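Visitor: Protein chains in written order, with our numbering: chain A, 1 to 291; chain B, 1001 to 1062. Can you read through this structure? Questions will come right after.
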């Protein structure tokens, strides 16, 4: 069996050794490959799974994708504990060690610059959901709809409901916009990811903000407190924090990302939310100059 | 360092970063970005088909 090289990250030489038992994708041990004052963190992976053809097929298999993503993340997490890694995108594969070395040489300057920029920083993820209200059903749990006495009553009730729905979205847009501006002030960079599909996330409610913030480790505690304070601030809105992550969303210097983030916004129900997020005060920067 | 709820990372959050973030390098075998975007699209297709008739494979994972 021929082995290929799966590369997780590039970093500066580690001050502390990696945990000895660390494994990554395909359960393979993660090793360090030193070259030119940088290291690549690498696993040997079987060609039958990671050559171009099988890889392409595997990436459409959710179970395989999930296992591989978790293996990748396990290595990045371990690295984040001892250094500031520059994480590579999932499934970056080379034929052999010399392929990895050539890659490092070709990109040495950019790697060093990016590592300097990210040094001592982590990424925090913040999501805002509009909690389901039960409005879509005939009666909300909190307020059983009175039976309309007449056609006019019925129409009025419908108008009230439509207005409530409208209000909820406007409130969500304003809240998400405010939160994003606030958090951006406390972060060195921000980037908007496309709102998550609830079928995929299994989270309740509609995701209206899915943002990442680059924050120095030293300021992370403060950042987390700010996020925590906004939880429960606005009725019907749920704020979720994830992290600290390696700076996956900030490996590219600012700008450029904005456009495809904006258009990545969920198609169906998400659209008017997305537009709203742009227009809410200050939040235009959200989508536009995201990162 | 601050410790937030250390429950298992949700797969979607991970995929947001691993498929849309991270340094993109054209390795010997790396699929190009367009291909990765295709993966995303396929994922969405898969998910909608999952919704329609099959129990979600995601349940076991999260």
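Every residue gets a Cβ at the ideal spot worked out from N, C-alpha and C, and that includes glycine. Given the structure is predicted, the values throughout are model-derived calculations rather than measurements.
Rank A/6, A/40, A/36 by C-alpha distance to the C-alpha of residue 24 of chain A and give the top, closest one.
Guide: By one-based count along the first chain, residue 24 of chain A stands at place 24. Ranking the options by Cα distance to residue 24 of chain A, first place goes to A/6.
Visitor: Per DSSP, what are the beta-bridge partners of residue 1026 of chain B in this structure?
Guide: Numbered from its first residue, the second chain carries residue 1026 of chain B at position 26. Looking at the DSSP assignment, residue 1026 of chain B forms no beta bridge with any residue, so it has no partner.
Visitor: Please classify residue 155 of chain A as buried or exposed, where buried requires at least 16 other C-beta atoms within 10 Å of its C-beta.
Guide: Here residue 155 of chain A refers to the residue found at position 155 of the first chain. It counts as exposed.
Visitor: Counting only Cβ-Cβ distances shorter than 8 angstroms, please list the residues of the region 163-179 of chain A near chain B, keeping chain order.
Guide: Hits within the stretch: zero.
Visitor: Helix, strand or coil: which one does DSSP assign to residue 34 of chain A?
Guide: By 1-based counting over the first chain, the position of residue 34 of chain A is 34. Of the three classes helix, strand and coil, the one that applies to residue 34 of chain A here is strand, per DSSP.
Visitor: Residues in the same chain with beta-carbon distance under 6 angstroms from residue 30 of chain A, minus the five sequence neighbours each way, listed in chain order, please.
Guide: As a position in the first chain, residue 30 of chain A is number 30, starting the count at 1. Here the set comprises 22, 24, 41, 43, 75.
Visitor: Any beta carbon from chain B within less than 8 angstroms of residue 248 of chain A's own beta carbon?
Guide: Sequence index remark: in the first chain, residue 248 of chain A carries index 248 (1-based). Judged by the 8 angstroms Cβ criterion, residue 248 of chain A is in contact with chain B.
Visitor: Could you check whether the region 108-115 of chain A touches the region 221-239 of chain A, counting it as contact only if at least three pairs of C-beta atoms, one from each stretch, sit closer than 8 angstroms?
Guide: Segments in contact, no.
Visitor: Looking at C-alpha atoms only, which residue of A/10, A/19, A/17 is the closest neighbour of residue 37 of chain A?
Guide: As a working note, residue 37 of chain A is residue 37 in the first chain. That would be A/10, whose Cα lies nearest to the Cα of residue 37 of chain A.
Visitor: Apart from the five residues on each side of it in sequence, which residues of its chain come closer than 6 angstroms, Cβ to Cβ, to residue 47 of chain A?
Guide: On the first chain, residue 47 of chain A is found 47 positions in, with the first residue counted as 1. Excluding residues within five positions, the ones whose Cβ falls inside 6 angstroms are 2, 4.
Visitor: Since residue 123 of chain A contacts residue 236 of chain A with CB under 8 angstroms, what's their CB separation in whole angstroms?
Guide: Reading the first chain from its first residue, position 123 is the one you call residue 123 of chain A. Reading the first chain from its first residue, position 236 is the one you call residue 236 of chain A. That pair is no contact at about 27 angstroms.
Visitor: Between A/246, A/27, A/86, which lies nearest to residue 13 of chain A when the distance is taken from Cα to Cα?
Guide: Position 13 of the first chain holds residue 13 of chain A. Among A/246, A/27, A/86, the Cα nearest to that of residue 13 of chain A is on A/86.
Visitor: So which of A/249, A/206, A/164, A/191 has the shortest CA-CA distance to residue 197 of chain A?
Guide: Translated into the one-based positions of the first chain, residue 197 of chain A becomes position 197. Nearest C-alpha to residue 197 of chain A: A/206.
Visitor: Residues in the same chain with beta-carbon distance under 7 angstroms from residue 214 of chain A, minus the five sequence neighbours each way, listed in chain order, please.
Guide: In the first chain, the residue the question calls residue 214 of chain A occupies position 214. So the list reads 121, 123, 187, 188, 189, 247, 250, once near-sequence residues are dropped.
Visitor: Which runs of the beta strand (DSSP E) fall wholly inside the region 7-84 of chain A and span at least 3 residues, in chain order?
Guide: 31-35, 38-46, all fully within the region 7-84 of chain A.
Visitor: Looking at the secondary structure, which residues open and close the beta strand (DSSP E) in which residue 1021 of chain B lies?
Guide: The sequence position of residue 1021 of chain B within the second chain is 21, counting from 1. No beta strand (DSSP E) contains residue 1021 of chain B, which DSSP labels as neither H nor E.
Visitor: Would the beta-carbon of residue 67 of chain A fall within 8 angstroms of that of residue 45 of chain A?
Guide: Numbered from 1 along the first chain, position 67 holds the residue referred to as residue 67 of chain A. Numbered from 1 along the first chain, position 45 holds the residue referred to as residue 45 of chain A. Taking 8 angstroms as the Cβ cut-off, residue 67 of chain A and residue 45 of chain A do not qualify as a contacting pair.
Visitor: Given this structure, state the Cα-to-Cα distance separating residue 100 of chain A from residue 60 of chain A, to the nearest angstrom.
Guide: Position 100 of the first chain, counted from the first residue, corresponds to residue 100 of chain A. Position 60 of the first chain, counted from the first residue, corresponds to residue 60 of chain A. Spanning the two alpha carbons is a distance of roughly 26 angstroms.
Visitor: Any C-beta of chain B sitting closer than 8 angstroms to the C-beta of residue 156 of chain A?
Guide: The residue given as residue 156 of chain A occupies position 156 in the first chain. For residue 156 of chain A, the answer is no, since every Cβ of chain B falls outside 8 angstroms of its Cβ.
Visitor: By a C-beta neighbour count over all protein chains shown, 10 Å radius and 16 as the cutoff for buried, is residue 19 of chain A buried or exposed?
Guide: Taking the first residue of the first chain as position 1, residue 19 of chain A is located at position 19. Residue 19 of chain A comes out exposed.
Visitor: My output table needs one value for residue 115 of chain A: the three-state DSSP class, helix, strand or coil.
Guide: As a position in the first chain, residue 115 of chain A is number 115, starting the count at 1. Reduced to three states, the DSSP call for residue 115 of chain A is helix.
Visitor: Could one say the Cβ of residue 98 of chain A lies closer than 8 angstroms to chain B's Cβ atoms, at least one of them?
Guide: On the first chain, residue 98 of chain A is found 98 positions in, with the first residue counted as 1. So no, residue 98 of chain A is outside the interface.
Visitor: Confirm, please, whether the CB-CB distance from residue 126 of chain A to residue 211 of chain A is below 8 angstroms.
Guide: Locating residue 211 of chain A in the first chain gives position 211, where the first residue counts as 1. Locating residue 126 of chain A in the first chain gives position 126, where the first residue counts as 1. Yes, these two residues count as a Cβ contact at 8 angstroms.
Visitor: Using a C-beta cutoff of 8 angstroms, does residue 12 of chain A count as contacting chain B?
Guide: Locating residue 12 of chain A in the first chain gives position 12, where the first residue counts as 1. No, residue 12 of chain A does not count as interfacial toward chain B.
Visitor: How many Å lie between residue 129 of chain A and residue 97 of chain A at the Cα?
Guide: Counted from its first residue, the first chain places residue 129 of chain A at position 129. Counted from its first residue, the first chain places residue 97 of chain A at position 97. Rounded to the nearest angstrom, the two C-alpha atoms are 45 angstroms apart.
Visitor: Is DSSP giving residue 186 of chain A helix, strand or coil here?
Guide: In the first chain, the residue the question calls residue 186 of chain A occupies position 186. It is coil, neither helix nor strand.
Visitor: Is the CB of residue 48 of chain A under 8 angstroms away from at least one CB in chain B?
Guide: Position 48 of the first chain, counted from the start, is the residue given in the question as residue 48 of chain A. Not closer than 8 angstroms to any Cβ of chain B, the Cβ of residue 48 of chain A fails to qualify, so no.
Visitor: My assumption, with CB atoms under 8 angstroms, is that residue 16 of chain A sits in contact with residue 110 of chain A. Please give the rounded CB distance.
Guide: Residue 16 of chain A sits at position 16 when you count from the first residue of the first chain. Residue 110 of chain A sits at position 110 when you count from the first residue of the first chain. About 26 angstroms separates the two Cβ atoms, so there is no contact after all.
Visitor: Comparing C-alpha positions only, which one of A/150, A/35, A/55 sits nearest to residue 107 of chain A?
Guide: As a first step, residue 107 of chain A must be located in the first chain, where it is residue number 107. For the residues A/150, A/35, A/55, the minimum Cα distance to residue 107 of chain A belongs to A/35.
Visitor: Using a 10 Å radius around the Cβ and a threshold of 16 neighbouring Cβ atoms, would you call residue 53 of chain A buried or exposed?
Guide: To locate residue 53 of chain A, count along the first chain from 1; it is residue 53. Exposed.
Visitor: Are the Cβ atoms of residue 1010 of chain B and residue 193 of chain A separated by less than 8 angstroms?
Guide: For the purposes of this step, residue 1010 of chain B is taken as the residue at position 10 of the second chain. For the purposes of this step, residue 193 of chain A is taken as the residue at position 193 of the first chain. No, Cβ-Cβ distance for residue 1010 of chain B and residue 193 of chain A is not below 8 angstroms.
Visitor: Tell me residue 212 of chain A's beta-bridge partners as DSSP assigns them.
Guide: Position 212 of the first chain, counted from the first residue, corresponds to residue 212 of chain A. Note: residue 212 of chain A sits in a beta bridge opposite A/125, A/191.
Visitor: Check the DSSP bridge columns for residue 157 of chain A and list the partner residues they point to.
Guide: Here residue 157 of chain A refers to the residue found at position 157 of the first chain. Residue 157 of chain A pairs with nothing; no bridge assigned.
Visitor: What residues in its chain sit with their C-beta under 6 angstroms from that of residue 94 of chain A, if we drop five residues either side in the sequence?
Guide: By 1-based counting over the first chain, the position of residue 94 of chain A is 94. Closer than 6 angstroms at Cβ, skipping near neighbours: 5, 100.
Visitor: Quick one: what does DSSP say residue 90 of chain A is sitting in, helix, strand or coil?
Guide: Taking the first chain and counting its residues from 1, the one referred to as residue 90 of chain A is at position 90. Of the three classes helix, strand and coil, the one that applies to residue 90 of chain A here is coil, per DSSP.
Visitor: Between A/69, A/252, A/238, which has its C-alpha nearest residue 173 of chain A's C-alpha?
Guide: For the purposes of this step, residue 173 of chain A is identified with residue 173 of the first chain, where counting begins at 1. Ranking A/69, A/252, A/238 by Cα distance to residue 173 of chain A puts A/238 first.
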